[in-house]
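Numbering (the working numbering), first residue to last: 132 to 215.
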């Protein structure tokens, strides 16, 4: 596994500027769509937290469209030529 790290509720609250896991912190998490790891109440995935912060700041670009496969290109060519 690649460096699996979880962050506790207490640590996350302090890192984002709260005195601890207060109601204000929980409201902020809900507004940011940050939820604990399923089955690990009280622990968060730092990658999810980073992604949500990036989304809130408009730093996440739109997902790229999947690359066209050879079959898609052939289908497009046939459609242009009327070879249904």
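From the three backbone atoms N, C-alpha and C, an ideal C-beta is built for every residue, glycine too. Only a predicted model underlies this, so the values are computations on that prediction, with no experimental measurement involved.
C-alpha of residue 148 to C-alpha of residue 134: approximately 25 angstroms in a straight line. Counting C-beta pairs closer than 8 angstroms gives three or more between the segment 137-146 and the segment 164-184, which meets the contact rule. Here residue 191 is not near residue 181, since their CB atoms are 8 angstroms or more apart. Apart from sequence neighbours up to five positions away, the residues of its chain that approach residue 155 with a beta-carbon distance below 8 angstroms are 149, ordered along the chain. Residue 185 sits away from residue 137, with the two beta carbons spaced by 8 angstroms or more. Here residue 138 carries a strand assignment [DSSP, helix/strand/coil].
About 6 angstroms separates the Cβ atoms of residue 139 and residue 173, confirming a contact at the 8 angstroms cut-off.
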